[in-house]
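*Asks:* Each number in this note's numbering comes from the position in the sequence shown (counting from 1) with 121 added on. Just so you know, even glycine gets a beta-carbon here, dropped at the ideal spot from N, CA and C.
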Amino acid sequence: MIHHLHNVLNGEELRQLRELATRVRWSDGRRSAGSIAAPQKHNNEAPHDTPEARAASDIGLKALRRHPMFFNAALPAMMSPLMMNRYVEGMDYGDHCDAAILGGTTPMRADLSATMFITDPSDYDGGELIAQGIPGGFRAKLPAGDMVLYPADTVHRVTPVTRGTRIAIVFWTQSMVRDLAQRTLLFNLVQTLNALEQPLAKTPEITHLYACYYNLLRMWATP
122 MIHHLHNVLN
132 GEELRQLREL
142 ATRVRWSDGR
152 RSAGSIAAPQ
162 KHNNEAPHDT
172 PEARAASDIG
182 LKALRRHPMF
192 FNAALPAMMS
202 PLMMNRYVEG
212 MDYGDHCDAA
222 ILGGTTPMRA
232 DLSATMFITD
242 PSDYDGGELI
252 AQGIPGGFRA
262 KLPAGDMVLY
272 PADTVHRVTP
282 VTRGTRIAIV
292 FWTQSMVRDL
302 AQRTLLFNLV
312 QTLNALEQPL
322 AKTPEITHLY
332 ACYYNLLRMW
342 ATP
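As structure tokens, then:
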């Protein structure tokens, strides 16, 4: 399931991230790619051990924690550090699949990939995130502040940027519910519960529905 999360970053956070991007000493993105993906990868990344990268990660994490849909969609058990990247004119990332296991001393399984858009789409041409293997496929070039969350096992690419600069934050999540079908069912159920909470407030029906959700989560989740 693909999730388009609206307004993850607010205007002030976008301003701060864009200012940070002007101060980053960008490194070659191939340094963080495996031997298979590296030849396909042509972008820049903010080195993770720099003040700018840490500040960008903190801003993104704060935004994710308050967003009402992120937890329900991802059910996160672990998350990779958030990483800011950049595509300038002529850069792209060819077809690739993200690594299954990330991290060093504390490895995590990558169940979900995420791209949080910082640059307004009118400021660059190209730079679409395109995934294969999902019914209907998807193409994402979202408004600044929005985020796409999608299964990490998909083959995907970023099309060449032909004008301007595309800046985004990317990260990966290990979900408490590994199975995609189970995670999708739980998400659809909790979204329905949210819609029914007011009209069915303080009724036995809403209590029983929440019990079903919690017990399915208890059955399937591995924190």
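State yes or no: is the C-beta of Cys-218 within less than 9 angstroms of the C-beta of Asp-300?
*Replies:* The residue you call residue 218 lines up with position 97 of the sequence shown. The residue you call residue 300 lines up with position 179 of the sequence shown. Cβ atoms of Cys-218 and Asp-300: not closer than 9 angstroms.
*Asks:* Spell out the partners DSSP gives Arg-278 in its beta bridges.
*Replies:* Looking up residue 278 in the sequence shown gives position 157. Answer is Ile-251, bridged to Arg-278.
*Asks:* Taking contact to mean at least 3 C-beta pairs separated by less than 8 angstroms, is the region 142–150 in contact with the region 195–207?
*Replies:* Taking 8 angstroms as the limit for Cβ pairs, the verdict is that the region 195–207 does touch the region 142–150.
*Asks:* Indicate the three-state DSSP secondary structure (helix, strand or coil) for Ser-243 in the structure shown.
*Replies:* Within the sequence shown, residue 243 is the residue found at index 122, counting from 1. Here Ser-243 sits in helix by DSSP.
*Asks:* Measure the C-alpha to C-alpha separation of Pro-325 and Glu-318 and round it to an integer number of angstroms.
*Replies:* Counting from one through the sequence shown, the residue named residue 325 turns up at place 204. Counting from one through the sequence shown, the residue named residue 318 turns up at place 197. For Pro-325 and Glu-318, the distance between alpha carbons rounds to 12 angstroms.
*Asks:* Use the C-beta contact count for Asp-244: other C-beta atoms within 10 angstroms, 16 or more gives buried, fewer gives exposed.
*Replies:* In the sequence shown, the residue the question calls residue 244 occupies position 123. By the 10 Å Cβ count, Asp-244 comes out exposed.
*Asks:* With burial defined as no fewer than 16 other Cβ atoms inside 10 Å of the residue's Cβ, what is the status of Ser-296: buried or exposed?
*Replies:* One-based indexing of the sequence shown puts residue 296 at position 175. Buried, because 16 or more other Cβ atoms sit within 10 Å of the Cβ of Ser-296.
*Asks:* Does DSSP put Ala-283 in a helix, a strand or coil?
*Replies:* Here residue 283 corresponds to residue number 162 of the sequence shown, with the count starting at 1. Strictly speaking, residue 283 in this sequence is Thr, with Ala absent from that position. In the structure shown, Thr-283 sits in a strand (DSSP, three-state: E or B).
*Asks:* I'd like to know whether the C-beta atoms of Ala-167 and Ala-174 end up nearer to each other than 9 angstroms.
*Replies:* Residue numbering aside, residue 167 sits at position 46 when the sequence shown is read from its first letter. Residue numbering aside, residue 174 sits at position 53 when the sequence shown is read from its first letter. Contact: yes.
*Asks:* Just how far apart, CA to CA, sit Leu-182 and Leu-203?
*Replies:* Translated into the one-based positions of the sequence shown, residue 182 becomes position 61. Translated into the one-based positions of the sequence shown, residue 203 becomes position 82. Straight-line Cα distance between these residues: approximately 8 angstroms.
*Asks:* I need the straight-line Cα distance from His-124 to Arg-284, nearest angstrom please.
*Replies:* Position 3 of the sequence shown holds residue 124. Position 163 of the sequence shown holds residue 284. Their Cα atoms are separated by approximately 27 angstroms.
*Asks:* Tell me the DSSP bridge mates of Leu-126?
*Replies:* Taking the first residue of the sequence shown as position 1, residue 126 is located at position 5. Paired residues: Met-268.
*Asks:* Got a sec? Which residues, its chain only, sit under 6 angstroms from Val-145 by beta carbon, not counting five neighbours each side?
*Replies:* Residue 145 sits at position 24 when you count from the first residue of the sequence shown. Hits under 6 angstroms: Ala-167, Glu-173.
*Asks:* Going straight from the alpha carbon of Ala-261 to that of Thr-343, what length do you get?
*Replies:* Start at 1 with the first residue of the sequence shown, and residue 261 comes out as number 140. Start at 1 with the first residue of the sequence shown, and residue 343 comes out as number 222. Taking the straight line joining both Cα atoms gives about 30 angstroms.
*Asks:* Taking only runs that begin and end inside the region 148–207, name each unbroken alpha helix (DSSP H) of 4 or more residues, in chain order.
*Replies:* The qualifying runs are 172–187, 191–195.
*Asks:* State yes or no: is the C-beta of Met-200 within less than 9 angstroms of the C-beta of Thr-294?
*Replies:* The residue given as residue 200 occupies position 79 in the sequence shown. The residue given as residue 294 occupies position 173 in the sequence shown. Yes, Cβ-Cβ distance for Met-200 and Thr-294 is below 9 angstroms.
*Asks:* Would you call Val-298 buried or exposed, if buried means 16 or more other Cβ atoms sit within 10 Å of its Cβ?
*Replies:* As a working note, residue 298 is residue 177 in the sequence shown. Classification of Val-298: buried, given that the 10 Å Cβ count is 16 or more.
*Asks:* For Arg-136, report the span of its beta strand (DSSP E) as first-last.
*Replies:* For the purposes of this step, residue 136 is taken as the residue at position 15 of the sequence shown. Not the beta strand (DSSP E): Arg-136 falls in the alpha helix (DSSP H), residues 132–144.
*Asks:* What do you reckon, are the CB atoms on Ile-251 and Ala-142 nearer than 9 angstroms?
*Replies:* For the purposes of this step, residue 251 is identified with residue 130 of the sequence shown, where counting begins at 1. For the purposes of this step, residue 142 is identified with residue 21 of the sequence shown, where counting begins at 1. Result no, Cβ atoms of Ile-251 and Ala-142 do not sit closer than 9 angstroms.
*Asks:* Tell me, to the nearest whole angstrom, how far the beta carbon of Pro-281 is from that of Leu-233; I am working on the premise that it is less than 8 angstroms.
*Replies:* Mapped onto the sequence shown, residue 281 falls at position 160. Mapped onto the sequence shown, residue 233 falls at position 112. Contact doesn't hold; Cβ gap of about 26 angstroms is too wide.
*Asks:* What is the residue span of the alpha helix (DSSP H) that Thr-328 lies within?
*Replies:* Numbered from 1 along the sequence shown, position 207 holds the residue referred to as residue 328. Taken as a continuous stretch (DSSP letters only), the alpha helix (DSSP H) holding Thr-328 covers 325–341.
*Asks:* Spatial neighbours of Met-229 within its chain, please: CB distance less than 6 angstroms, with the 5 preceding and 5 following residues excluded, ordered by chain position.
*Replies:* Within the sequence shown, residue 229 is the residue found at index 108, counting from 1. Contacts found: Met-199, Leu-223, Gln-295.
*Asks:* Between Ala-220 and Ala-235, what straight-line distance do the alpha-carbon atoms span, to the nearest angstrom?
*Replies:* Walking along the sequence shown from the start, residue 220 turns up at place 99. Walking along the sequence shown from the start, residue 235 turns up at place 114. Spanning the two alpha carbons is a distance of roughly 14 angstroms.
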